[in-house]
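One structure is given here, and the rest of the page talks about it.
There are 2 protein chains.
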Amino acid sequence: MSSTRLLSPLINRNSNNGYNSLRRLGLCFGLEKQRIENFRFLCSSASAMTEASTKAEALSFETLNPNIKVMEYAVRGPLVIRAGEIEKELEKGVKKPFKEVIRANIGDCHAMGQKPITFIRQMLALVAYPELLHDSRFPEDVKQRVRTVLEGCKGGSVGSYTDSPGIEVIRRHVAEYIQRRDGHPSNWEDIVLGSGASDAIKNVIKLLICHIDCKEPGVMIPIPQYPLYSATLAEFGIRQIGYYLDESKNWGLDINELQRAVDDARKKCHPRAIVVINPGNPTGQVLTRQNIEDIIKFAYNEQLFMLADEVYQHNVYAKGSAFFSFKKVMMEMGEPYNKMELASFMSSSKGYMGECGLRGGYVEVVNMNPMVKAMYLKAISAMLCPTVLGQIVMDAVVNPPREDEPSYELYMKEKSAVLDSLKLRAEMVVKTFNTFEGYSCNPVQGAMYAFPQVKLPPGAIRAAAKADQSPDVFYAFELLENTGICIVPGSGFGQREGTFHFRTTILPQPEKLKEMLEKFQAFHQKFINKYKN
Amino acid sequence: MSSTRLLSPLINRNSNNGYNSLRRLGLCFGLEKQRIENFRFLCSSASAMTEASTKAEALSFETLNPNIKVMEYAVRGPLVIRAGEIEKELEKGVKKPFKEVIRANIGDCHAMGQKPITFIRQMLALVAYPELLHDSRFPEDVKQRVRTVLEGCKGGSVGSYTDSPGIEVIRRHVAEYIQRRDGHPSNWEDIVLGSGASDAIKNVIKLLICHIDCKEPGVMIPIPQYPLYSATLAEFGIRQIGYYLDESKNWGLDINELQRAVDDARKKCHPRAIVVINPGNPTGQVLTRQNIEDIIKFAYNEQLFMLADEVYQHNVYAKGSAFFSFKKVMMEMGEPYNKMELASFMSSSKGYMGECGLRGGYVEVVNMNPMVKAMYLKAISAMLCPTVLGQIVMDAVVNPPREDEPSYELYMKEKSAVLDSLKLRAEMVVKTFNTFEGYSCNPVQGAMYAFPQVKLPPGAIRAAAKADQSPDVFYAFELLENTGICIVPGSGFGQREGTFHFRTTILPQPEKLKEMLEKFQAFHQKFINKYKN
Chain H
1 MSSTRLLSPL INRNSNNGYN SLRRLGLCFG LEKQRIENFR FLCSSASAMT EASTKAEALS
61 FETLNPNIKV MEYAVRGPLV IRAGEIEKEL EKGVKKPFKE VIRANIGDCH AMGQKPITFI
121 RQMLALVAYP ELLHDSRFPE DVKQRVRTVL EGCKGGSVGS YTDSPGIEVI RRHVAEYIQR
181 RDGHPSNWED IVLGSGASDA IKNVIKLLIC HIDCKEPGVM IPIPQYPLYS ATLAEFGIRQ
241 IGYYLDESKN WGLDINELQR AVDDARKKCH PRAIVVINPG NPTGQVLTRQ NIEDIIKFAY
301 NEQLFMLADE VYQHNVYAKG SAFFSFKKVM MEMGEPYNKM ELASFMSSSK GYMGECGLRG
361 GYVEVVNMNP MVKAMYLKAI SAMLCPTVLG QIVMDAVVNP PREDEPSYEL YMKEKSAVLD
421 SLKLRAEMVV KTFNTFEGYS CNPVQGAMYA FPQVKLPPGA IRAAAKADQS PDVFYAFELL
481 ENTGICIVPG SGFGQREGTF HFRTTILPQP EKLKEMLEKF QAFHQKFINK YKN
Chain F
1001 MSSTRLLSPL INRNSNNGYN SLRRLGLCFG LEKQRIENFR FLCSSASAMT EASTKAEALS
1061 FETLNPNIKV MEYAVRGPLV IRAGEIEKEL EKGVKKPFKE VIRANIGDCH AMGQKPITFI
1121 RQMLALVAYP ELLHDSRFPE DVKQRVRTVL EGCKGGSVGS YTDSPGIEVI RRHVAEYIQR
1181 RDGHPSNWED IVLGSGASDA IKNVIKLLIC HIDCKEPGVM IPIPQYPLYS ATLAEFGIRQ
1241 IGYYLDESKN WGLDINELQR AVDDARKKCH PRAIVVINPG NPTGQVLTRQ NIEDIIKFAY
1301 NEQLFMLADE VYQHNVYAKG SAFFSFKKVM MEMGEPYNKM ELASFMSSSK GYMGECGLRG
1361 GYVEVVNMNP MVKAMYLKAI SAMLCPTVLG QIVMDAVVNP PREDEPSYEL YMKEKSAVLD
1421 SLKLRAEMVV KTFNTFEGYS CNPVQGAMYA FPQVKLPPGA IRAAAKADQS PDVFYAFELL
1481 ENTGICIVPG SGFGQREGTF HFRTTILPQP EKLKEMLEKF QAFHQKFINK YKN
C-alpha cells in the first residue's frame, strides 16, 4: 500500500478550502512547494475553487483519488499550459518580444514540420476508404498490404473490433520484424498491440500491483526518466525506485548505482521490475552491449521483471553507436538469462515516422508465465481493442516496402531524409549548447532530445526562491516568457540534488532550430549577466 | 480497500501449482466454480502451467495484481475464445453441424456486414492523405471539414499529438451537437474526447478511488449491466453496488430497488456514484423521462456522482420511445438538480456508424468541481492524447452533412438504411424469441441487444451441475457447439438468482438473422426435449 492510499483518515469532506488542503497534502507527501504553486495554473480561477468547495459535492478535491492528486506529467505541465496561453495572447495581438512559441517540450515530430511518410499515409487512406483500391495512382505494394490487412479485419472493415491483442496478421508481421532485427525467433503470440507504447507500458506495469510479504511493490526507473513512468507508478500506488544515470559517463547505467538503489529500496518495498529506456529519453544515450549485459545480470540476480522501452530504436545517430535490443542480448547470453521475463516496447510515434497522433505501438512479452499472460490478455480485453488504424500504422512500420517494390525508392528517400536531418540537428544542438556559458551537454547519440546541465548563478537561485520556484523551473519560465521557447525543466524528469538541467527536443526544422539556438544563447547570456551575483 | 487488495499475506512465492492456487483464491473470494473452470480455456496448456511455476519468476500468478485475477469481461470470455477455436477448426476442415460461427456476442456492427458510412470514411481518407483534397471525386463538404480539422492539428498533420482532451474545434463541434440535441448550452471545455467511450468511462471512474471515513468507495451499477463496469470496478478495487432492473417493467429502474441497494451498501462502503445505461445494454430498454427524473432525485438525495452511459442515443426503435439525455432532464428540473455532477458518455462505435475499431468517444463532464477537473485533465495528459483519427470520426458524427450540402443525400440514405433495418431486426428477434418454449423477451426499444429470459428444464440444471457449469453457461456452450451461434450467458451481465438469460445482438444482416433464429429454435426445441426431465 503506498502512503497515498492511506490518506483516508485525513480526508474531511467539510474542509472549505481545497487549495489549502492541497498544500497540506502536498507537504505531507514531500512534494516540492513548486508543484503546489504550479497547481494554480491548472485551475481556471481562485474564485471558482472557492465556489466549488462550498456546495455539497459527490466528488470534491478532498474525496478525489489521492494517487491522481500526486501524479505529475511534466511534459504537459504548467509550463506547457502557459505556452498555450501565450499562443492565444499572440493570436489576440498581445505584444511579445517574439512572434511564435517554439514547442521544444515534446517529441511531436509532425507538429514541428516533419512530413509524414507517403507509404504510411497511403496505406491509411486505402484501408479507411477501400474504393481507392481501384485508383491507379496508388502503388501496388500499398494495395497488396491493404488487402492483407483488410482480410484480417472482421467483415473486411477497419471499423470492426479486432482481437484485444491486435490483428493476427499484424502481430505476425511484428514478430517477423523482430526476428529480422535480432536474428532470434519471435512468437507472434507474444506480441500485443496497443494504442501507442504508453498504453502497452501501463497495461504491463499494472500487473505488478501486488503486496508481497506485506511489502508494497516497487519499480526501478532511471533518473532522469520519462515522466510516463513516474506518473504511472504514482497512479498505481507503486513505489518509485530511482537509480541515477551517470552523467559523467554519457548517461550510462552504473551497476553499483543500480545495486545501491535496489538495496536501499528493499528496506521499504518489494522491488519487482526495472525500466530501462534505450535509446534514452530525456538523456539521448545509446547503451553499449556490455552495459546491457550487465543490466540483465543485475536483473537476474535481483529477480526483476525487465521493461525495455525501446521506442527510439530507429533513432541512432552517433558514430560507433548501435541499437541492441534487450531481447537479442538476453538471448545471446544463453542460460539462465535467456529464460528471463522481459517486455519490450515499440511505437510508431517516434523513429522516422513520427506518427504520434495515430497511437500505434506494441509490446513483445518474452518468457511471461502463461497464467500471468492469460490474465494480462483478459485484463486488456475489457478495453476491447487498440485503435485499428494505429495497428495499421504499426504494420506499415514493421513491414515497409522491399527493395523490389514500387514504393521502395520514395520510402527510403523520405526515411533517410528524416533520419539524416535529425542526425545533423543532434550534432548542432550539442555543439551549440556546449558553447554556452555554464552549459555541459552530453552527445545526443540517439532518441530526440538533448538534456544539458546548466550551472545557474547565485542570483538566479535567490530569485527562484523568491518566486517560490525551483531554479530550473524559474529558468524555463524566463526563457518561455522572453523568447517563446518552451522546454521542460530537469526536475520534471529527475536530476541529482543541486544540479539543473532541461530537456529540449531536436525536432524544430534545421532553419528554425538554428534560429531557436541563437535566441536561446542571447537569452542565456542576458540571464547570466542579470543574475550573476 | 477491497478484500482482494488484502491478499498479500496469502501469497506464497513457493507454491508449485498455480492452478490449485487459483482455485483456492477463487474459493476465497466466492468466485463461481465455473469461472475457475473457464480459466483453463485461457491457458495454453496444463503442462505449460506446471513448467512455468517451477522456475523463479519475477512475475508469477501468485504475485500478480489480485484485482486483475478477479476481474471478468464476459463479452470476450471463454465462450468467445471457444468460438475462435471452432472457427479455426472449420478452416482446417473439421466437420461440424454448421458452416460458420455467428458472432452474436458483441456489438460489432461492421463485423456482421454493416457497411461504413461513406461520409465518415471519406473524411478519414482525406485527413490521412491530404493529397486527396485535390481529387474532384470527393465532395466539397467533406473537404471543408477536413480543412477545418487539419487546421486544428499541429503542423496540419493528424500525426501530431493533440491536447489531451482532444482537438479544440472537435470539442466545440461536440458541444454544438449536444446543444442542438438538448436545447441547453454545452461548454466545449466540458468535452473530453477519448479512445472510445470505454477509455473515457475508465478515466472518470478512476477519480472515485478514495477511502472516505475509512470506508472503501462503491459505485452503483445496474444488474444486468455491461461488463466493462464490473471489470473496471474490480480492477480499481471499488465495490460494485448492484441494483436490479425490473424485468417485469421492461427493465426500468425502480427507485425502491435503488434505495434498497444503496442502504445495504452504506453498511459496507461509501457509495459514490451511480451508473445508468440508457438505452440499455444488455437490456434494450429506453428510459422514460419520468424514470430519469426519479433517478436524478435519488442521486441528489444520496449525493451520488451520475455516470450516464448514453452511447446508444441514436439507437431508438420502439414507437413511443424517445431518448432523453440525463443532461437535458437535469437542466429542465431546475435548482438544485441542475447543479449536480454528471458525466455523459458517447461513442462512434454504436449508432448508425458502428465504427468500433476506430475508437472514437467523448464524455461531457457537467458541474465537475474545477479542481477535480484540473486533476482529471492532468491525469489523462500522461497518456498524451486519444487517437486523432478516432477524434475525427467523432467529429464526423457530431457534425454530419447539412441538408444543403452535397454529401447529405447519400449520408441520410445510408444512415436511415442502417437504423430502419435495425428496427426491423429488433422486432423480428423479440417476436421470434417469444414463440420459443419457456422464453420471455422484453421489447428491444433501443440499443443493439435482446436479453431474453429462458426457463431451463430440470434435466438441464442437473446436466449443467454435472458439467460444473452454471445452467446459462451450459446452454450457451451447447448452442455454440451445435449451431455455431455465439451468445453471452446472462451470468456475464448479472441476473436475479435462479433466473437465466442471455444476450444476443440484433446485428446479423436480416437474411442471416432469420437463418440464425431458425437454427436457434431448432436447437432450443431439441435441448428442451433432451433435458425436459
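In the order they appear, the protein sequences are chains H and F.
The opening residue of the first sequence carries number 1 in my numbering; numbering runs sequentially from there.
The opening residue of the second sequence carries number 1001 in my numbering; numbering runs sequentially from there.
Quick reminder that beta carbons are idealized off the backbone N, C-alpha and C, glycines included.
Check                                                                                                                                                                                                     : Outcome
Can you tell me the Cα-Cα spacing of residue 98 of chain H and residue 515 of chain H, whole angstroms?                                                                                                   : 12 Å
Looking at the strands, I want to know which residues DSSP matches up with residue 1454 of chain F.                                                                                                       : F:1439
Taking only beta-carbon positions, decide if residue 515 of chain H is within less than 8 Å of chain F.                                                                                                   : no
Is any beta-carbon of chain F found at less than 8 Å from that of residue 400 of chain H?                                                                                                                 : no
Among the residues of its own chain, which have a CB less than 7 Å from the CB of residue 292 of chain H, if the five just before and after it don't count?                                               : 324, 326 and 329
Within 10 Å of its beta-carbon, does residue 1424 of chain F have 16 or more other beta-carbons around it, so buried, or fewer, so exposed?                                                               : exposed
Please confirm if the region 456-464 of chain H is in contact with the region 282-298 of chain H, defined as three or more CB-CB distances below 8 Å between the two stretches.                           : no
Give me the subset of the region 153-177 of chain H whose CB atoms are less than 9 Å from a CB atom of chain F, sorted by chain position.                                                                 : 153, 154, 155, 156, 157, 158, 159, 160, 161, 162, 163 and 164
So, are the CB atoms of residue 1235 of chain F and residue 1383 of chain F less than 8 Å apart?                                                                                                          : no
For residue 1106 of chain F, which residues in chain H fall below 7 Å Cβ to Cβ?                                                                                                                           : 161
Taking three-plus beta-carbon pairs below 8 Å as touching, is the region 1139-1154 of chain F in contact with the region 1391-1399 of chain F?                                                            : yes
Can you give me the start and stop residues for the beta strand (DSSP E) that residue 1346 of chain F sits inside?                                                                                        : 1342-1347
Per DSSP, which one or two residues make a beta bridge with residue 1308 of chain F?                                                                                                                      : F:1276 and F:1344
For residue 1240 of chain F, name the three-state secondary structure that DSSP assigns.                                                                                                                  : strand
Taking DSSP's pairing of strands, which residues face residue 1193 of chain F in a bridge?                                                                                                                : F:1362
Once the 5 residues before and after residue 522 of chain H are set aside, which same chain residues still bring their CB inside 7 Å of it?                                                               : none
Can you give me the C-alpha to C-alpha distance between residue 315 of chain H and residue 1174 of chain F, rounded to a whole angstrom?                                                                  : 38 Å
Helix, strand or coil, according to DSSP, for residue 504 of chain H in the structure here?                                                                                                               : strand
Tell me whether the region 1489-1505 of chain F and the region 1405-1420 of chain F touch, counting them as touching only if at least three CB pairs, one residue from each stretch, are closer than 8 Å. : no
Contact criterion: CB-CB distance below 8 Å. Does residue 1505 of chain F meet it with respect to chain H?                                                                                                : no
Grouping DSSP H, G and I as helix and E and B as strand, with all else coil, what is residue 222 of chain H?                                                                                              : strand
Along chain C, which residues have their Cβ under 7 Å away from the Cβ of residue 125 of chain H?                                                                                                         : Given the protein chain composition of this structure (H and F), no chain C is represented.
Tell me whether the beta-carbon of residue 1309 of chain F lies closer than 8 Å to the beta-carbon of residue 1286 of chain F.                                                                            : no
Give the residues of chain F in contact with residue 345 of chain H, contact being defined as C-beta atoms less than 7 Å apart.                                                                           : Here the premise fails: no neighbours, minimum Cβ distance about 14 Å.
Anyone know if the C-beta pair for residue 1506 of chain F and residue 161 of chain H falls short of 8 Å?                                                                                                 : no
For residue 62 of chain H, count neighbouring Cβ atoms within 10 angstroms of its own Cβ and tell me buried if that reaches 16, exposed if not.                                                           : buried
Does chain F have any CB closer than 8 Å to the CB of residue 73 of chain H?                                                                                                                              : yes
Three Cβ pairs or more, each shorter than 8 Å: is that satisfied between the region 187-206 of chain H and the region 225-233 of chain H?                                                                 : yes
Three or more C-beta pairs under 8 Å: does that hold for the region 340-347 of chain H against the region 188-198 of chain H?                                                                             : yes
Measure the alpha-carbon distance for residue 1188 of chain F versus residue 177 of chain H and round it to whole angstroms.                                                                              : 43 Å
According to the Cβ coordinates, are residue 1520 of chain F and residue 1452 of chain F closer than 8 Å?                                                                                                 : no
Which of helix, strand or coil does DSSP assign to residue 1270 of chain F?                                                                                                                               : strand
Out of H:201, H:246, H:481 and H:154, point me to the one whose CA is closest to residue 363 of chain H's CA.                                                                                             : H:201
Per DSSP, residue 1217 of chain F forms a beta bridge with which residues?                                                                                                                                : F:1270
Contact between the region 473-487 of chain H and the region 432-446 of chain H: three or more CB pairs below 8 Å?                                                                                        : no
Can you pull the chain F residues whose beta carbon is under 8 Å from the beta carbon of residue 232 of chain H, in chain order?                                                                          : 1382
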